[in-house]
Amino acid sequence: MIIELFLLAIITLLAGTIVPLLAVSVNRRYIRTISLCCPIFASLFLGALSLVVLFSGETSGFTLYQPITEFSFSFVIDRLASFFLLIIAIVSACVALYFSEYVEHMDGSSRRNILCGFTSLFILAMVLVVSSANSFCFFLFWELMAASSFFLVTFEYTHDETKKAGLFYFFMTQLSSLFVLLGIIMLYLESGSFAIAPIHGASTLPITAAFLVLFIGFSIKAGIIPFHKWLPYAHPESPSPISALMSGVMLKIAIYGLIRFLLDIFTPDLWWGALILAGGITSAVLGVIYALKEHDIKGMLAYSSIENIGIIFTGIGLWVIFSASNLPLLATISLLGALFHSLNHALFKSLLFLTSGSVVHATHTRDIEHMGGLAHRMPYTSALFFIGAVSISALPPLNGFASEFLIFTAFFTSVAFVSPLFKVLLFICLALFALASTLSAACFVKAFGSIFLALPRSPQSEVAKEVPRAMLIGPGILAAACILLGVCAFQIFGIVGFNVPLPDMFLISLLLLGMGVLVYVVLYVTASREVRVSETWGCGSRSQQASSEYTGHGFSEPIDIIFSAIYRTRTKNERVFFDLKNCIFREGTGEIHLLKVFEEYLYNPISQLFMQVATKVSRFQNGCLDTYLLYVFVTVIALIIFLGWFA
Amino acid sequence: MNVDFILYIAINTLVVLAIAPLFVSMIKKVKAWTQGRSGPSVFQTYASLRKLLTKEVIYSPSSSRIMRITPLITIASILVAALFVPLIFVPEPVGGIGNIILFLYLLALARFFMALAGLDAGSSFGGMGSSREMSISAIIEPTTIIVFAALAFVFKTLNIFDMVSRMAPGLPAAPTLILISISLFIILIVETSRIPIDNPETHLELTMIHEGMILEQSGRNLALMELAAAVKLTVLMGLLINLIVPLGLATSLTLIGILIAVILFVIKGSILAGIIAIFESSMAKKRFFQLPSLFAMAFFFSTLIIIIEVFS
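As structure tokens, this is what we get:
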């Protein structure tokens, strides 16, 4: 039954890809609706099959087509794969629901059909990556995923910003594929097959090298610092539902790859775990610190994705460390924490991207300084965004807390077990992890406050309207899932068969609710019930103005100053005075430069190096037929000499 | 969930609600003494709260639902957090209540809503308070988590109930306890916005952090916010007291035992309140941007405990 459901899902997604591409010139709504219904139905099939596999724990596999003996298109669905299929299913269904309305408000006439088709193809590629049974199959679909997402990112290809973002994304994603391919080839040379099966004889040099190459490949795709730069470029420029899919799901595919290869092929060393942990913690802290500085709503969410991927990598790193030092219980907690956070991040980040898409749709700006006051104008959207913000800030009783709690618990209990050196390392990581967690709360207080609260700060925000209902249902389902997974986290783990040291969040939620109701009742009976609406005291100004509010920049200023060493903000002041003692100011200039550390010190030098090499190489290409004939001639002669020498 | 635990919930909540205003007043009284004033009565906070309850609530037209639900959510989460620290009676922990990480995050939940409410009315004071509060809470968090991890490491449990009742084998040595109490004291000062971090007694925009955030609250909502702040103070004091001197904690539910425990807790709490007041009086408020270096000191100090514990 599982295989039939799986095939059904794939056929549906294929139909969703082909239909709009066939009818590419028909600019009708129904084409796009049909196309986007396909992912929804496919998600239902996938959701059903992954729930069955998750509960029963059965593994089923099949071979679709075998062109040569070494390689076949075969698929396996086990518990790990079905967990990630579940993530894909939930998020794609909600995104497709939202998208079916959103796409009608986009520009681009019949070009939008292609967008819908590629969305289905993208989802299909992700499904196939997760269920691939051998590493070459994995790579092929990985590449399909990369290519189809490129077309989604560059939908608005006429904008200069989008062109730049698309190019950047294309390079980074191809670099990632290159590393993954290299790793897979190295593994093939070592084991002689593409099968995802354990390699014995652990940490020999080639195997370690293969791991490192694969790690870099997956890190680029997941957006681990310093390979993160494509996220803040690609996410703001792509349509919001696409950002939701990419950030919510595609980054998780990289996580899946890392976990799958670590779990099924390698026997990890302790220091591999330390490496993953270090990458994770760095991304978590720097990601959120950059997010605080960002005032493009989607750019901020992109940086926040980097932070959350960092949290997931932290969990994976802990898992590797604990399993390498023979602590299976702690290893399980960390891995469950990482997996659960993958699911949770998929839910709340796609929720946030979709609702921020609604906000951008209503206000026509991405700058949070030009929003404000939307809580009155878009009550439902603001409530949904709020649930996402509480979840991502890891506050109880929602789901972000439950997964971070597992990782915290692993940290807290680990200190009693591992060696002293690792204890110190783990303590430092714990402190940084906690820092990242609270900074993300600060970041989302700022985001929610500037976007939705107080007075509107621009005319567009003044006249913003609530979005159509179809654009509320998708995020609504995601928000409900966030609440459910948070409140019932303990029970859900129990049903799936893991006894985790989570507090009973259901009980805590009941207590919170009970206390709230009790206080309300007591106040209702004893206290005054009078309510008056009157203007905020504006220090004597006649009426309250938006310009006197605290801005997003102002909000993050203290953090900006405290972490100035990381932001490397350079300010330049030049002043000219009338008098010699520099008292009476005449004129002056001031500049603030944000140093983009990674771009200036890492990306630009490398790209310049490549440019130099390319300029030199391009001298050979003079476009003249004679020269090319000469090249051919020289090559043939060289080959003959070479073969004569060695053969 | 058994009968004992339900009784515990009722008793702990009532006791903390009853005692919290007293401790706030006591600190004020001792501070007044050190300044050579006689100060308000120790029951002044009760009277102020009662007065606030009879006043009307004023909302700004620009404020949203956040402003309206924040007082309830703040008090509810602080009261649930109060359940995590047994003040007078230690039952068997149920369903993860008493977990030290959840305790921290319940306090964070209250702070999150308070900071949003600060932004909601659109006044620049509120925004300033929220911004400063979130920044401070972020940079003190590494210290807090290290201290709590040290607690978990020293007492070999993650549950405050087990720490307080000393269930786990191997009591920590006295020097460790002293180091931990100093660290917890620093956290207490920071979390409850006291000098040298913040000044709880002014409404001057140069100094205020916590008071800035709740500036737009009025009437019964303000009463709830003030009560929540008092309860938070009491709970953190209770954590410090009962971890270091668990003397007098009732282990079974008898009327006499509970009464003795309450009296002992009030005495111990009054002493700590006096210490806090004297500490505050002997300090000047630090400039905001000098706080990170203060926190860095606290951080190294708490890391020291860990290193001593790890390598001894």
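Chains as they are written, first to last, in our numbering: chain C, 1 to 647; chain X, 1001 to 1312.
Glycine residues also receive a C-beta, built at the ideal position from the N, C-alpha and C atoms.
Inside the region 446-529 of chain C, DSSP marks whole alpha helix (DSSP H) runs of 4 or more residues at positions 459-462, 470-487, 489-496 and 505-526, from first to last along the chain. Contact residues of the region 383-403 of chain C toward chain X are A383, F386, A389, V390, S393, A394, L395, P396, P397 and F401 (C-beta to C-beta distance below 9 Å). For F1023 (chain X), the enclosing alpha helix (DSSP H) starts and ends at V1003 to T1034. Chain X places a beta carbon closer than 8 Å to that of T536 (chain C), counting this residue as a contact.
For T1202 (chain X), not one C-beta of chain C is nearer than 8 Å to its own C-beta.
D579 (chain C) sits exposed, since fewer than 16 C-beta atoms from the chains shown fall within 10 Å of its C-beta.
Below 8 Å, enough C-beta pairs join the region 1227-1238 of chain X and the region 1020-1032 of chain X to call them touching: three or more. Taking a Cβ-Cβ cut-off of 8 Å, the neighbours of R532 (chain C) in chain X comprise E1056, V1057, I1058 and Y1059, given in sequence order. DSSP places Y603 (chain C) outside any beta strand (DSSP E), giving it a letter other than H or E. Taking the C-beta atoms as reference points, L86 (chain C) is found nearer than 8 Å to L54 (chain C). Under the Cβ criterion (8 Å, minimum of three pairs), the region 423-431 of chain C does not count as touching the region 511-530 of chain C. Remark: C-beta atoms of S1060 (chain X) and A1121 (chain X) approach each other more closely than 8 Å. Flagged as an interface residue toward chain X: Y550 (chain C), by a C-beta distance shorter than 8 Å. Among the residues of chain C, those whose CB is under 9 Å from the CB of A1152 (chain X) are F412, T413, V415 and A416, following chain order.
Judged by beta-carbon spacing, I1058 (chain X) lies within the 8 Å limit of R532 (chain C), meaning their Cβ atoms are closer than that value. Annotation for L64 (chain C): the continuous beta strand (DSSP E) segment containing it runs S60 to Y65.
Contact with chain C is absent for F1155 (chain X), since none of that chain's Cβ atoms lies less than 8 Å from the residue's Cβ. In terms of Cα proximity to G217 (chain C), the closest of C:I253, C:S25 and C:L245 is C:I253. Sequence-distant partners of S509 (chain C) (beyond 5 residues in either direction) whose C-beta falls short of 7 Å from its own C-beta, in its chain, are P397 and V487.
By the rule that beta-carbons nearer than 8 Å mark a contact, V463 (chain C) does not touch chain X.
Taking the Cα positions, I321 (chain C) is about 10 Å away from L330 (chain C). Within chain X, the residues whose beta carbon sits less than 7 Å from that of V445 (chain C) are F1112, A1115, L1116, S1130 and M1134, listed in sequence order.
For A96 (chain C), the closest alpha carbon among the candidates C:A146, C:I185 and C:L13 is that of C:L13.
Relative to the Cα of I1100 (chain X), the nearest Cα in the group X:E1056, X:K1031 and X:L1243 belongs to X:L1243.
DSSP lists no beta-bridge partner residue for A15 (chain C). In the three-state reduction of the DSSP assignment, H364 (chain C) falls in the coil class. At a Cβ-Cβ threshold of 8 Å, L406 (chain C) and G337 (chain C) count as neighbours. Under a criterion of Cβ atoms nearer than 8 Å, the residues of chain C adjacent to P1142 (chain X) are, in order, A431, L432, A434 and L435. Annotated three-state conformation of V52 (chain C) is helix, per DSSP.
Rounded to whole angstroms, the gap between the alpha carbons of A1250 (chain X) and L1014 (chain X) is 16 Å. For the region 489-515 of chain C, the residues whose beta carbon sits under 9 Å from a beta carbon of chain X are, in order, F490, P501, L502, P503, D504, M505, F506, L507, I508, L511, L512, L513, G514 and M515. In this structure, the alpha-carbon of F141 (chain C) lies about 23 Å from that of I312 (chain C). One Cα belongs to S1252 (chain X), the other to L1259 (chain X), and the distance between them is close to 12 Å. CA-CA distance, T569 (chain C) to H553 (chain C), rounds to 14 Å. E535 (chain C) and S1131 (chain X) have their C-alpha atoms roughly 22 Å apart. With its beta carbon less than 8 Å from one in chain C, S1064 (chain X) belongs to the interface.
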